[in-house]
Amino acid sequence: MTQVGEGREAAEAVPSVMTFGEPAVGDVMADRYQLEEHVNDDSAGRQIWRGTDVILRRPVAVVLRYPGGDEAAEMLQSAVAASRVIHPNLAGVYDAIDEGERAYVVREWIDGVALRDLVTDSGPMDAARAIGIAHGVADAVAAVHATGMVHGNVHAGTTMIGTDGRVVLADARTDGGVKPDADVRAVGGVLYYALTGHWPHAEAGASRLPDAVRDGSGTIVAPRQARAGVPAYLDDLTMDLLDPKLAVPASDVLAAELTRLDSAAEEQYLEEVGPLRFTQGDEAGPEQPQNAGRKIAVGVAALLAIAVIGLMLGISALGGGEDDGRQPVQANASQGTDGGGGAAPGAIPNPQPIKLNGNQIRVVDPGPNSTGDDRPDANLAIDGDDGTSWDTSTYNTRKFGNLKPGIGLLIDLGSPRQVSSVKVQLGEKGISAQLLTGASDPAGGNTGAPNDTLMGFDEQIRTTYTQIGKGFENHDAPTLAFIDGFDPDAKYQYLLVWFTELPDSRKIVVDEITVEGT
0 MTQVGEGREA AEAVPSVMTF GEPAVGDVMA DRYQLEEHVN DDSAGRQIWR GTDVILRRPV
60 AVVLRYPGGD EAAEMLQSAV AASRVIHPNL AGVYDAIDEG ERAYVVREWI DGVALRDLVT
120 DSGPMDAARA IGIAHGVADA VAAVHATGMV HGNVHAGTTM IGTDGRVVLA DARTDGGVKP
180 DADVRAVGGV LYYALTGHWP HAEAGASRLP DAVRDGSGTI VAPRQARAGV PAYLDDLTMD
240 LLDPKLAVPA SDVLAAELTR LDSAAEEQYL EEVGPLRFTQ GDEAGPEQPQ NAGRKIAVGV
300 AALLAIAVIG LMLGISALGG GEDDGRQPVQ ANASQGTDGG GGAAPGAIPN PQPIKLNGNQ
360 IRVVDPGPNS TGDDRPDANL AIDGDDGTSW DTSTYNTRKF GNLKPGIGLL IDLGSPRQVS
420 SVKVQLGEKG ISAQLLTGAS DPAGGNTGAP NDTLMGFDEQ IRTTYTQIGK GFENHDAPTL
480 AFIDGFDPDA KYQYLLVWFT ELPDSRKIVV DEITVEGT
């Protein structure tokens, strides 16, 4: 059992609840709402409790914030505004109370799980299920926007999936700093997360979830590049919603398009639904880039007719069994452009993070001037906690003080595995690096050997390992995403993240390395 525990990042932390006394199971708020269980805390530091309305005898969620008063004004105002919107895809808000030392909002209890936790536990979703969830979220956003308000907190952590299949959006944060377009782009973020298990921070809002995989230019890779099996049309829709160069449709228009897609998915002809059909008013909107590969139709009156035609074409194509000439779109991993036909480079079915332990990584530090100082604590780079890190010494130049050709982290997957990506989360931008692979680790796991012995093994690795795909030169983001160059028919056991140039701080900090594959 989980409840909403994260949305967009708060501007500042909430003061500790211990300043005012810890709430406890059995406490009754406002002589009506009894606390039953502390579920979790959200990203703004508020406590989420399961409770009971002792008058109406129904379960409720109680969102507690310390302190109340002016500090809680935005939360209470958001709750009051949200209470005016009644929609099956929105969590109902029942009460908003300010007691000075604390404030709390009482809302509908959703018997289910947050999308964030569902994907974390079970992996990315198939196209039909992802569309169904995005459809519910878009309907909720459209209902909010129809009242002139903005939700402001559309996220995988505020999207609940009920045990009855109902999709519910909760915990609006209408602080005046969010525009309607941000809600619509965040629906694209929900789609992207459902399909890939990553949240596009720059495009859909800051989050504690892992950032989307990005190419060498910092552009997010399309869902079809992150995993195989995503229909080209859904891939285009998701990327359009997240593309800052493209204007997003109104929320009701997006909801109508997702209604069409949801219906097509239920009938299992999603691949045949045709081009994008955003239709909003009489204005053509901003000019689209040439050869963008995405078609946006205009004219509200034509929406239903176009949708019906699209469904009929899908039925016809499914029943006739003839090739209609359409080819899936493949995005180039290094350039972020659309190419023709086939699966994306390195694409394998349903890649998942490969679980690693501290014995499966070691430092590769060749060169006669290696002191061994950088060898300890490599395990912190794969411990699943980006709050811990492996750090090198500080050098006096970006070229390691001209003492060595580079330094690396060697990962032994334990056995040959299919690999689709290697993501390296760093403490700073400006690093140059490559991804290499080889047939063995000459050290044979003997990391306790003398440093000069390990240097010999490491030099052998440096000279015999081969590069996978393209590397990064003075990369302008703190994340390195190696996604191209993997052969889907090959298997890899030894992967070396090889750093060739330091950032401005003259040291390397690796917070976390994630390897995805099967």
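0 is the number of the first residue of the sequence shown in numbering that gives the first Met the number 0; add one for each residue after it. Glycine included, each C-beta is placed from N, C-alpha and C at the ideal position.
The way I'd put it, the stretch 87-106 does touch the stretch 24-31; three or more beta-carbon pairs between them come closer than 8 Å.
Tyr103 is the residue among Tyr103, Ile85, Ser77 and Gln76 whose C-alpha sits nearest the C-alpha of Val59.
Restricting attention to Val189, Ser420, His134 and Gly357, the CA atom closest to the CA of Pro487 is found in Ser420. DSSP places Glu73 inside the alpha helix (DSSP H), whose first and last residues are Ala72 to Ser82. Membership of Arg45 in any beta strand (DSSP E) is not indicated, and neither H nor E is assigned to it by DSSP. Of the candidates Gln433, Leu434, Ala432 and Thr452, Thr452 places its Cα closest to the Cα of Pro441. Listed in chain order, the non-local C-beta contacts of Ala203 below 6 Å within the same chain comprise Arg184, Ala185 and Gly188, local neighbours out to five positions each way being set aside. The beta carbons of Val177 and Gly156 sit no closer together than 9 Å. Take Val24, set aside five residues on each side of it, and the residues of its chain with a beta-carbon closer than 8 Å to its own are Leu34, Glu35, Glu36 and His37, in chain order. Nearest to Glu427 by alpha-carbon distance, out of Glu511, Ala448 and Gly470, is Glu511. If you compare the alpha carbons of Gly400, Ala90, Arg213 and Ile460 with that of Glu500, the shortest gap goes to Gly400. Restricted to the stretch 98-139, the alpha helix (DSSP H) segments that are unbroken, complete and at least 4 residues in length are 114-121, listed in chain order.
About 20 Å separates the beta carbon of Leu409 from that of Ile482, a gap too long to meet the 8 Å contact definition.
If you look at Phe456, you'll find it in the alpha helix (DSSP H) that goes Asn450 to Thr463.
The secondary-structure analysis by DSSP pairs Leu89 across a beta bridge with Leu168. Where Leu194 is concerned, the enclosing alpha helix (DSSP H) starts and stops at Pro179 to Thr195. As the crow flies, the alpha-carbon of Thr370 is around 23 Å from that of Leu425.
As DSSP reads the structure, Lys422 sits in a beta bridge with Ala480 and Thr513. Following the DSSP letters along the chain, one finds Tyr65 in no alpha helix (DSSP H), marked with neither H nor E. Within the stretch 352-396, the complete beta strand (DSSP E) runs of at least 3 residues fall at 360-363. Going by C-alpha positions, Arg56 is about 42 Å away from Pro248. In the three-state DSSP reduction, Val252 falls in the helix class (H, G or I). Per DSSP, Thr237 is one residue of the alpha helix (DSSP H) stretching across Ala231 to Leu241.
In summary, Asn88 is buried, with 16 or more beta-carbon neighbours lying within 10 Å of its beta-carbon over all protein chains present. Within the same chain, Cβ atoms closer than 8 Å to the Cβ of Gly215 are found at Ser333, Lys469, Phe471 and His474, the five residues on either side in sequence being excluded. The distance from the Cβ of Leu253 to that of Ala126 is about 17 Å, inconsistent with a contact at the 8 Å cut-off. Annotated three-state conformation of Pro58 is strand, per DSSP. At a Cβ-Cβ threshold of 9 Å, Thr393 and Arg259 do not count as neighbours. Per DSSP, reduced to three states, the secondary structure at Gly407 is strand. Comparing C-alpha distances from Thr237 to each of Thr158, His134, Ala205 and Gly437 shows the shortest one belongs to His134. When beta bridges are read from the DSSP output, Ser431 appears opposite Glu500.
Annotated three-state conformation of Glu202 is helix, per DSSP.
Boundaries of the beta strand (DSSP E) around Ile160: Thr158 to Gly161. The stretch 354-364 and the stretch 372-387 touch, with no fewer than 3 CB-CB distances between them shorter than 8 Å. Beta-carbon to beta-carbon, Arg416 and Gln492 are separated by about 7 Å, close enough to satisfy the 8 Å threshold.
Across the structure, Ala438 and Met74 are spaced so that their CA atoms are roughly 56 Å apart.
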